[in-house]
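> Just so we're aligned: the sequence shown equals residues -19 to -1, 1 to 401 in mature numbering (1 follows the signal peptide of the UniProt record, and there is no 0).
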Amino acid sequence: MFAFVFSNLALRSLMIAHALPWSRPDISRYHRLCLYLLTIGGVVFRSELAILIGTTTVYLFLTQRISITRVIIPAGLAGLVIGLLCTVPLDSFFWQSFPLWPEWTGFYYNTIQGHSADWGVSPWHYYFVNALPRLLLNPATYLICIPVAVLNAATRKRSLDLLIPLLSFVALYSFLPHKEWRFILYTIPGLTGVAAVGASWIWTRRSKSVLYAILSLVLIGSVLMSFAASTAILGISSLNYPGGEALHVLHNEMNHTTKPHYNVYFDNLACQTGVTRFLENHRGPQTVLDILEPQDILQGRTWTYDKTEDPNALLNPMFWTKFDYVLAERPEKVIGSWAVVHVVYGFGGLKVLKPGEESGSPVEPLYDASSQVALKEDWTSKVAAMWQRLEGLLRGSLLRGYWAEMRMEPRIRILQNQMK
């Protein structure tokens, strides 16, 4: 996220300004740079930064740290003009529509017209009770470290200088019905910084008090647990891209015929879950890694890809006749004679099995000739085998029939045209 880079650089300038004495003549320069970077990031990349600009500007103005004429207007105008000069000509050219300001178009459609609610709504408190704890991950950050930084008189002022604008941004953005964690990601570095202040205060006093010693041990344990949790989440999140895995299987794991060219169609879910231009194979090597691949793959086979979404075209039987393979979520929507030669499974959630419940995820039947797919054993199959062994050892003898299981559900099917 390019906007995240701009918000982090703006946070750096703001923290430098907070650390300088008010009498320093160059303190206004850092305030201007902060607002300038946020404005460019909002104009070019993410329109929700406008709310963060507003909360930061209002807080700095009310605390009498910035001037309207020397800081707010110059930073806002410069960021707006430079941002528009960067985004409008470029995006207008690529979209062939002039003038086009993408962030304003998206803001007007989703916020002013209220279409963001079409993607789902969440209660007002969602960001505070769900998104922020998940993004911070370590519960010690918001249960211990941030409160310590705020309650301690020596660190309270600078902690509030960061917390008030950031939490105000989250509170105001919570009034928009549709909520996603990525909309408030810009607050995490600042909140983590305040938590680091509290953690430092506890750690440097661990030998002076039993309470600080206990809290220090809690911090160490929470960091180790957070590392283990983030590692597990990283592995689980990789299972959320069945579209990309299906395309990889199609290119590299299937025993294709000697046909020199293949036409492939991707449905909506495949494109949303990992199918990108970076995974497409074209004539000749595109990168250094391509040079290292077997030459019969690169030179002896070419691919054409289609992502048509027009409902009328998808209902036309002739549209499907040109494709050799289709990557689809629902095979029944693909018109013609097709065989499911491979199924890619994705993460379906965690489930606690009660005594008597059988473990294992549902497996879909494949076409009889599916032996053309020769998959290699990867880390997921090894972890699954190890987890099954642990279930056999622990579930009946120690856990009284209870067990935790990660469910895998069919997501993307690779369909082969049976008429060719």
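Glycine included, every Cβ here is placed at the ideal spot set by N, Cα and C.
Note that the structure is a prediction, hence the values are computed from the model and not measured.
Can you tell me where the alpha helix (DSSP H) with residue 482 in it begins and where it stops?
Nothing about residue 482 can be reported from this structure: the residues present for the chain run from -19 to 401 only.
> Would you kindly check if the distance between the Cβ of TYR326 and the Cβ of MET367 is under 9 Å?
If you number the sequence shown from 1, residue 367 lands on position 386. If you number the sequence shown from 1, residue 326 lands on position 345. It is not a contact, given that the beta carbons lie outside the stated cut-off.
> Hey, is the stretch 101 to 115 in contact with the stretch 28 to 42, meaning 3+ C-beta pairs nearer than 8 Å?
Cβ pair count under 8 Å is below three, so no.
> Please state the DSSP three-state secondary structure of VAL307.
Indexing the sequence shown from 1 puts residue 307 at position 326. Strand.
> Which residues share a DSSP beta bridge with ASN398?
For the purposes of this step, residue 398 is taken as residue 417 along the sequence shown, with counting starting at 1. TRP319, per the DSSP bridge assignment.
> Go ahead and pull the three-state DSSP assignment for THR122.
Along the sequence shown, one-based indexing puts residue 122 at 141. Three-state DSSP puts THR122 in a helix.
> Strictly by DSSP, which residues pair up with ALA385?
Indexing the sequence shown from 1 puts residue 385 at position 404. Beta-bridge pairing links ALA385 to VAL333.
> Taking the CB atoms as reference points, tell me whether THR173 and GLY225 lie closer together than 9 Å.
Stepping through the sequence shown from its first residue, residue 173 is reached at position 192. Stepping through the sequence shown from its first residue, residue 225 is reached at position 244. Cβ distance not < 9 Å, so THR173 and GLY225 don't count as in contact.
> Quick one: residues in its chain with C-beta nearer than 7 Å to the C-beta of GLY377, no 5 flanking neighbours on either side, listed in chain order?
Within the sequence shown, numbered from 1, the residue matching residue 377 stands at position 396. Correct list: empty, nothing qualifies.
> Leaving out the 5 sequence neighbours to the left and right, which residues in its chain are closer than 8 Å to ASP277 when beta-carbon positions are compared?
Translated into the one-based positions of the sequence shown, residue 277 becomes position 296. Residue confidence for ASP277 is low, a pLDDT of 47 falling below 50, so the modelled location carries little weight and cannot support an answer.
> Can you name, in chain order, every residue of its own chain whose Cβ lies under 6 Å from the Cβ of PHE150, other than the five neighbours on each side?
The residue you call residue 150 lines up with position 169 of the sequence shown. So the qualifying residues of the chain are ILE32, LEU33, THR36.
> Verify whether the separation of the beta carbon atoms of LEU19 and SER(-13) is less than 9 Å.
Within the sequence shown, residue 19 is the residue found at index 38, counting from 1. Within the sequence shown, residue -13 is the residue found at index 7, counting from 1. Yes; because the gap between Cβ atoms is below 9 Å, this pair is in contact.
> Is GLU261 helix, strand or coil by DSSP?
What you label residue 261 is simply residue 280 of the sequence shown in a count that begins at 1. Of the three classes helix, strand and coil, the one that applies to GLU261 here is coil, per DSSP.
> At what residue ranges does the stretch 72 to 112 contain a whole run of the alpha helix (DSSP H), taking only runs of 4 or more?
Listed in chain order, the complete alpha helix (DSSP H) runs (minimum 4 residues) inside the stretch 72 to 112 are 83 to 88.
> Please list, in chain order, all residues of the same chain as ASP72 whose beta carbon is under 8 Å from its beta carbon, the five residues on each side excluded.
On the sequence shown, position 91 is the one that residue 72 refers to. LEU81, TRP82, PRO83.
> When you compare each of VAL52, LEU16, ILE49, VAL324 to GLU234 by their alpha carbons, which one comes out closest?
Within the sequence shown, the letter at position 253 stands for residue 234. Looking at the Cα atoms, VAL324 is the closest of the given residues.
> Could you check the C-alpha separation between THR302 and GLY255 for me, to the nearest Å?
Numbered from 1 along the sequence shown, position 321 holds the residue referred to as residue 302. Numbered from 1 along the sequence shown, position 274 holds the residue referred to as residue 255. Their backbone Cα atoms lie some 25 Å apart in a straight line.
> Can you check which of these residues, LEU198, THR283, ILE201, is closest to THR239 by C-alpha distance?
Here residue 239 corresponds to residue number 258 of the sequence shown, with the count starting at 1. It is THR283.
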